[in-house]
Structures are given as C-alpha cells and as structure tokens.
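First to last, the sequence lines map onto chains A and B. Start counting the first sequence at 31; every next residue gets the next number (the working numbering). Start counting the second sequence at 31; every next residue gets the next number (the working numbering). Even glycine gets a Cβ: it sits at the ideal position worked out from N, Cα and C. Bear in mind that the values here come from a model prediction, so they are computed numbers and not experimental data.
2 protein chains.
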Amino acid sequence: MMINPRAEILLKLLIERYIAEGQPVGSRTLAKHAGLELSSATIRNIMADLEELGLVRSPHTSAGRVPTQLGYRLFVDSLLTIRPLQSEHVRRIEGDLGADHEPQQLLEAASALLSQITQLTGVVRVPRRDQAAFRHLEFLTLSPKRLLAILVTQDGRVHNRVLQPTRTYSPAQLTEAANYFNATYSGMQLTDVRKALVDSLKQDSEDMQSVIRAVVEMANAVVSEVRGEDEVVVSGESNLFGIPEIDSARLRQLFEAFNTKQDLLHLLDQSMQAGGIQIFIGSESGYEPLEDCSFVTASYSLDGRVVGTLGVIGPTRMPYEQVISIVDVTARLLSGALSSDGYIDFPQPPASS
Amino acid sequence: MMINPRAEILLKLLIERYIAEGQPVGSRTLAKHAGLELSSATIRNIMADLEELGLVRSPHTSAGRVPTQLGYRLFVDSLLTIRPLQSEHVRRIEGDLGADHEPQQLLEAASALLSQITQLTGVVRVPRRDQAAFRHLEFLTLSPKRLLAILVTQDGRVHNRVLQPTRTYSPAQLTEAANYFNATYSGMQLTDVRKALVDSLKQDSEDMQSVIRAVVEMANAVVSEVRGEDEVVVSGESNLFGIPEIDSARLRQLFEAFNTKQDLLHLLDQSMQAGGIQIFIGSESGYEPLEDCSFVTASYSLDGRVVGTLGVIGPTRMPYEQVISIVDVTARLLSGALSSDGYIDFPQPPASS
DNA sequence: TGTTAGCACTCAATTAAATAGAGTGCTAAT
DNA sequence: ATTAGCACTCTATTTAATTGAGTGCTAACA
Numbered sequence: 031m032m033i034n035p036r037a038e039i040l041l042k043l044l045i046e047r048y049i050a051e052g053q054p055v056g057s058r059t060l061a062k063h064a065g066l067e068l069s070s071a072t073i074r075n076i077m078a079d080l081e082e083l084g085l086v087r088s089p090h091t092s093a094g095r096v097p098t099q100l101g102y103r104l105f106v107d108s109l110l111t112i113r114p115l116q117s118e119h120v121r122r123i124e125g126d127l128g129a130d131h132e133p134q135q136l137l138e139a140a141s142a143l144l145s146q147i148t149q150l151t152g153v154v155r156v157p158r159r160d161q162a163a164f165r166h167l168e169f170l171t172l173s174p175k176r177l178l179a180i181l182v183t184q185d186g187r188v189h190n191r192v193l194q195p196t197r198t199y200s201p202a203q204l205t206e207a208a209n210y211f212n213a214t215y216s217g218m219q220l221t222d223v224r225k226a227l228v229d230s231l232k233q234d235s236e237d238m239q240s241v242i243r244a245v246v247e248m249a250n251a252v253v254s255e256v257r258g259e260d261e262v263v264v265s266g267e268s269n270l271f272g273i274p275e276i277d278s279a280r281l282r283q284l285f286e287a288f289n290t291k292q293d294l295l296h297l298l299d300q301s302m303q304a305g306g307i308q309i310f311i312g313s314e315s316g317y318e319p320l321e322d323c324s325f326v327t328a329s330y331s332l333d334g335r336v337v338g339t340l341g342v343i344g345p346t347r348m349p350y351e352q353v354i355s356i357v358d359v360t361a362r363l364l365s366g367a368l369s370s371d372g373y374i375d376f377p378q379p380p381a382s383s
Numbered sequence: 031m032m033i034n035p036r037a038e039i040l041l042k043l044l045i046e047r048y049i050a051e052g053q054p055v056g057s058r059t060l061a062k063h064a065g066l067e068l069s070s071a072t073i074r075n076i077m078a079d080l081e082e083l084g085l086v087r088s089p090h091t092s093a094g095r096v097p098t099q100l101g102y103r104l105f106v107d108s109l110l111t112i113r114p115l116q117s118e119h120v121r122r123i124e125g126d127l128g129a130d131h132e133p134q135q136l137l138e139a140a141s142a143l144l145s146q147i148t149q150l151t152g153v154v155r156v157p158r159r160d161q162a163a164f165r166h167l168e169f170l171t172l173s174p175k176r177l178l179a180i181l182v183t184q185d186g187r188v189h190n191r192v193l194q195p196t197r198t199y200s201p202a203q204l205t206e207a208a209n210y211f212n213a214t215y216s217g218m219q220l221t222d223v224r225k226a227l228v229d230s231l232k233q234d235s236e237d238m239q240s241v242i243r244a245v246v247e248m249a250n251a252v253v254s255e256v257r258g259e260d261e262v263v264v265s266g267e268s269n270l271f272g273i274p275e276i277d278s279a280r281l282r283q284l285f286e287a288f289n290t291k292q293d294l295l296h297l298l299d300q301s302m303q304a305g306g307i308q309i310f311i312g313s314e315s316g317y318e319p320l321e322d323c324s325f326v327t328a329s330y331s332l333d334g335r336v337v338g339t340l341g342v343i344g345p346t347r348m349p350y351e352q353v354i355s356i357v358d359v360t361a362r363l364l365s366g367a368l369s370s371d372g373y374i375d376f377p378q379p380p381a382s383s
C-alpha cells in the first residue's frame, strides 16, 4: 500500500484524532491541525483519494471521515509512533509481577494489570499443560476406592486428579511406582511422556507385571487429562460496558465468548506460534464477536521458550500506541517473573525435537 | 397484611400476568380473566385499594398496574401456587448431578443447571473451607526452598499450597510430621484444627522441638489459608442481557458484583444460616446492583449438615413458581450427590460444640 | 352499601414537520 | 496543483399533532 507522504500525515492525524474523540473528522479540522499549509478543499480531495483506496469512509454524506479496518491496519503497521510506557505504569507492573508468587497468581496478576491499565479487557493464556515438562508424580490414597494423583510440572504448577482404580494398591507399591516415574521421565515434555507411556503399554503388554501396567495406565490418565483447569484468565470484562461502538448485542456475544473461551483460546494459540506482538483488527480475527474489536497480543516465555500469550481486547478504536506498549511490557515482565522466580531449580530438559 | 379474598385473586392474577407479559395490566384485562363476574370499574376500585396498600402502582396515570416490591413479597409468601418441576427437567438434573463426579465438578454442574433451566444466572456457594473437616495432610518437597502442602478435606476436595519454609526438612521428617497430624486431627473441623494449632504453639512454645514447632507453623499456614480458590461459581451471566427491566448500567453493576463476588458471598452466607428456601426481592437484599433483581436461594447439605447455598439471580419479574422449584430440586439433588458419592468413607467427626 | 355504566381526562408513544449545523462534492478561478 | 465558494445532503434536535390505552370520578342502580 503506497500513498504519498502528505496523505500519510493526514491519515495518521485523522486516525489519532478519531481514536481520541470518537467522532468523524472533517476536512477543516484536519486542515487546522495538520501543520501543512493546505486548505480544507485540498484536504477533501485527498480524503476522496483515501476513500477510494478504502482507508477511510464517511458514515454519511455530510459527516467527516472515519478509518476503515484497512486504515487501522496501515496505521498500526507503518504510521504508528509507539510511545514508551509511562514509568508509573512500569513500576506498577514490576511491583505486581514481583517474584515470590506462584505461577497461577502471576498469570492472574498479569491479566488484572492488563485490564486495569488499559481500562479494557485483559486476557492471559495459561501455559499448555501438555507442553510443560514433567517434574514429579505422587499418589495419595484417599480411600480404598479413590486415589489422588498429584502432578507437578517444571513450571511449578500443581495438578490434581482423583482416580478410581479397579484394584487397590499398597502405599509401598504406589511409592515405588511413583519413584520409577519420577526417575524415568523427569524433565520430559508431557506430550512426550504420554507417547512414551502409550508405547510402553503397547510393547510390553504381556511381559509387564500387572501392577506396573495398571500404574502406567493410571499415570497415562493423569498426564493426558484435558478437563477443567482454566486455560485462559480473563479480567475486566465489565470495562467493555459503555463503549459506544460496542452495542449491547455485541457485548453479549463477547461475554459469551469469554465464557466459552474456545475461540479465544484458538486465537491466542494462533498468535503464540507467530510470536512477538500480534494485532487482530476487526474481522481479521475471523470471529464474529470480535467484529468491532481489536485484539493486541504478545507471547510470553519461560526461560526463553514461548509458553503462552496474553493480550488486550477492546474496541477497534483503541489507543494502540499505549496498548501495544502495555501488552509488550507486561509480556516481558511476566516472562521474567516466571523464569526467575525460583521454581526451576532442576536442569532444563533438552528441547524436544 | 390482610386483604379480602377477592382482592387476593385479582392481585395474584395481576402479578402472574405481569410476569408473563411484562406489560402493566389494566382493569379490563383483569375483568376478563379473573373469572369473577365483575366490571372493570369495580376492578378499578379494588386496584385503587391495592395501590393504597402499596401492593401495586401505576407507572403513569393511564397505564395499568404493576406489582411493587411489597406486592411481589405478598405474592411469593402466600399467593403463589408452586408448580412441581417438569419431570423432563428433573431427569436432566438427576443426570447431570449423577454420582462419580468430584465435588468441584458437581458444584459447577449445579450452577450450570440452574442457569440453563431458568435461563437466568446460576450461583453456587462452594462449601467453606474452614468448616470442612480435616482428613489428610501431606508434604511434598518441590525444591530445597519450596514445599508443597496438600490438604484433603472430608468432603473430598483437595487444596494445594506452596510453602517457603525457612529451613529444609528431610522427607522422613515431613512424613513423620504429616502422620502425626493425620492421626491427631482427623475428622476435626478445620477451624478447630486451627485453634488447636494456635494453642499448641502458645502453650508448648519452649519445650517443643524446633522441628515439630516449625511444622506446626507450616500446617497452620496451610489450614488457615484464605486466598484463591473460588468461593462461588457463577454461570449464565450473559442470560441477563436483553432483559428490559435490567438496563445497561445495572447490568454492568451486576457483572462487577459477579466478579468481585464479595457481596454475593455475603448474601449467600446470610441465607445459609437461615436454611431452606429464601427469596430476596429487589432492594431486600440490601445491595444496589440487585435493586431490580430477585435472588432465590436454597441451602444444600452434606450428610445432613448444611454446607453451602445455591440460587438463581434474575429480574424481579421472574417466574417464581418455576424458579423456586428448580432451585429447590437442584439443592436437594446436589445434597444427595455430594453425600452419596463415596468420598466419605471414614466415620463422621463429632459435631463441634 | 356494593356495583356498574359512562364520560372526561391524562399521559406515553408515535408520527410529521421544521430547523439548524456540519461537512461534503464540485466548479471555476488562481 | 491549489483554493474559494456555493449548492447540496444528511443527521440531529426540537416542536407539534395524533392516537390509544386506561384511569378516576360521578351518578344511577340493585
């Protein structure tokens, strides 16, 4: 998309002003503030060009212009002057993401920060369980029929699951089995552990002792568990009330999306693969509820490995300069907090190929 | 509040009709459907009486009447004919609250059921941690500096907490300490365990071995933990969109209340003490966000002991007959599911005085 | 004394018309 | 290429007129 520098300046000004005011911007206003010595008539000509290119449009004949989705896209891609985050906010984030919190708390704090600072909705995708590295498994007998399996992953998170095995095991048997696991699979990514378990179930199906076999089956159940455990933390949903470009019907769709979390998750995973900062404007996300919204995401990492994404959802007309830096800084500091917070004191597993 | 039977019939009809239609009900309509051979003029006289009593009011001079909060109160207290729940719904609830689910899942299922069947918002207050009975404590070394404490309560719930003790303990020491706890406090209510721990810290402060003392301190931290762990499960918030008597500002307040959960919790606790079915109409709850809403609650129990409450939040103009029976049945079946589901296979603790 | 018919009245809701204002597109001149 | 200027369009707001539902009140009636 090539447009001449003068048109660029005007488009930038128009979008900035529209984001600030929320009203269509007219040619006179632009003429006054552009710093170019141009009359409003000239501006109108340029606007007509921009409209032809699909970068702006008029809500109706006698209104000023507003940016189109394409206009916003050009804006964030090449016009935007990213503003460094106010140090006040940086301090706030640093403070809240200070060490000495458990991972889950950190994620929740990050989500809360995103929503509070931007006054929009904050979203954090919790690291995928199955991509975490295995650290420790432990069985606890709850009752003759119930067994509590406790799985600790390298990132410091603890996962519980109650099992109802078909037979009973002595504490000694369970301890032994757990020890075996912990020794064998420590540091391996959970998906790989699972593969290994499935393999061993296939291969040794006959010569394996039935006890071991049963325990392997249980471990498999624990490791491959899908249900429950929130995969995404959403905060500040109610900040989306009272935003004029999000009407009640949209709002409802959005809230339903926040509850389902399915689509959100998909979108976040998408940008996890992309890495870095990612911006979905309007329908670019491909999800109807986000039609009039933008979604600014960044991925965060644990010891250099990308493990999740976080971001901010708000109206397409959002202050991108600020939001982008807030998302960026939060992602960085969260990465730092997760990595440095002392949960990892075992050597890292080799990266899985 | 005494009113004559004829007025009662009319008030009941008026409220039923208003709940069904959402429009002020006029005297002609009432005259036609009341089954009393009365002219609209007579009805108007009666309405004037009811208005004087504060049971109905006119939105304006030439509209019909709508119930006031007081009117609704009288209605639910003595006019209401409770309709047994459609067996289709009963089956649904029975199915979803079938045994073989973990407690947390049951609570979530109950909340989902409430919201889906009523098409309003379902709320379940999770049993208070500190009122649960102690069952099992276990320590797990995560790293030299971090210790995972796992607390299992009699109701089958599992609580984790990461501790950062000032010194390190050998696995043997931890096992021993845990064993001691499990033997000593099994079956006791958590609040009482806590009291006992605090006492023992005070009394034996000098002659206690430092290891034991430290472990007692850790256990105390685990048992008395407050943070995290959702105390109330809310479902179907978005069902409140598009209800005409709940405007956008109210809706926002409601959603904020759902997020904070503080007020909700307080209200639920209130009705836990009352036991049975409880209905808060409009401002009766004392919380502004619930101004135009009603809150129908019932308490549920575990083995005969009330441990929590659940309910439905919707507009004051809600179909009480149905909502009440749905809430009632859900509470009963949840109680059953929680009690019978096999988590309890130890003898019950003596009731605390 | 309770009930009813009937009529005047009130008020919200809807429609229609009038007005003001912002901002455009286009043309002709520079 | 730029600009002044004017006709035009469309929204938003105000005002007025109309309709209809439903009431309150009164006077007559059982």
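Terminal residues of the continuous alpha helix (DSSP H) containing residue i?
i	result
residue 267 (chain B)	Looking at the DSSP string, residue 267 (chain B) is not in any alpha helix (DSSP H), and its letter there is neither H nor E.
residue 205 (chain B)	201–215
residue 308 (chain B)	It is not in any alpha helix (DSSP H) - residue 308 (chain B) instead sits in the beta strand (DSSP E) that spans 307–311.
residue 123 (chain A)	117–126
residue 228 (chain B)	220–233
residue 279 (chain B)	278–290
residue 101 (chain B)	99–104
residue 179 (chain A)	From DSSP, residue 179 (chain A) is part of no alpha helix (DSSP H) but of the beta strand (DSSP E) over 176–183.
residue 40 (chain B)	35–51
Mind listing the chain B neighbours of residue i? Cutoff is C-beta to C-beta under 8 Å, in chain order.
i	result
residue 6 (chain A)	Nothing can be reported for residue 6 (chain A), as the shown portion of chain A is limited to 31 through 383.
Which value, in whole angstroms, describes the spacing of the CA atoms of residue i and residue j?
i	j	result
residue 276 (chain A)	residue 43 (chain A)	24 Å
residue 139 (chain B)	residue 127 (chain B)	7 Å
residue 166 (chain A)	residue 200 (chain B)	17 Å
residue 380 (chain B)	residue 164 (chain B)	Because the pLDDT at residue 380 (chain B) is just 33, under 50, the model does not fix this residue reliably, and the point stays unresolved.
residue 230 (chain B)	residue 193 (chain B)	21 Å
residue 325 (chain B)	residue 273 (chain B)	16 Å
residue 348 (chain A)	residue 52 (chain A)	10 Å
residue 354 (chain A)	residue 114 (chain A)	10 Å
residue 306 (chain B)	residue 329 (chain A)	49 Å
residue 300 (chain A)	residue 368 (chain B)	40 Å
residue 145 (chain A)	residue 302 (chain A)	20 Å
residue 120 (chain A)	residue 270 (chain A)	24 Å
residue 57 (chain A)	residue 322 (chain B)	47 Å
residue 22 (chain B)	residue 280 (chain B)	Nothing about residue 22 (chain B) can be reported from this structure: the residues present for chain B run from 31 to 383 only.
residue 338 (chain B)	residue 262 (chain A)	27 Å
residue 221 (chain A)	residue 333 (chain A)	19 Å
residue 36 (chain A)	residue 50 (chain A)	21 Å
residue 87 (chain A)	residue 97 (chain A)	6 Å
Which residues bound the beta strand (DSSP E) around residue i?
i	result
residue 165 (chain A)	164–173
residue 340 (chain B)	335–345
residue 332 (chain A)	323–332
Flag residue i as yes when its Cβ comes closer than 8 Å to any non-hydrogen atom of the ligand SAH, and as no otherwise.
i	result
residue 201 (chain B)	As presented, the structure is devoid of all ligands, the ligand SAH included, so that no description of it is given.
So which residues on chain A does residue i lean against when the C-beta distance must stay under 9 Å?
i	result
residue 180 (chain B)	168, 170, 178, 180, 188 and 190
So which residues of chain B does residue i contact, with C-beta pairs closer than 9 Å?
i	result
residue 278 (chain A)	271, 272, 278 and 281
Just the chain A side, please: which residues come within less than 7 Å of residue i by C-beta, in chain order?
i	result
residue 132 (chain B)	192
Does the beta-carbon of residue i have 16 or more other beta-carbons within 10 angstroms, so that it is buried, or is it exposed?
i	result
residue 185 (chain A)	buried
residue 205 (chain A)	exposed
residue 207 (chain A)	buried
residue 94 (chain A)	buried
residue 112 (chain B)	exposed
residue 71 (chain B)	exposed
residue 335 (chain A)	exposed
residue 162 (chain A)	buried
residue 377 (chain B)	Low per-residue confidence applies at residue 377 (chain B): pLDDT is 34, beneath 50, and the placement is therefore not dependable, though the value from the model is reported in the following sentence. Looking at its Cβ environment, which holds fewer than 16 other Cβ atoms inside 10 Å, residue 377 (chain B) is exposed.
residue 69 (chain B)	exposed
TODO: Write down every uninterrupted run of the alpha helix (DSSP H) in the region 124–163 of chain A whose length is 4 residues or greater and which is fully enclosed by it, in chain order.
DONE: 133–148
Open item on the list: I'd like the ranges of any alpha helix (DSSP H) spanning at least 4 consecutive residues and lying wholly in the region 62–90 of chain B.
Closed with: 70–82
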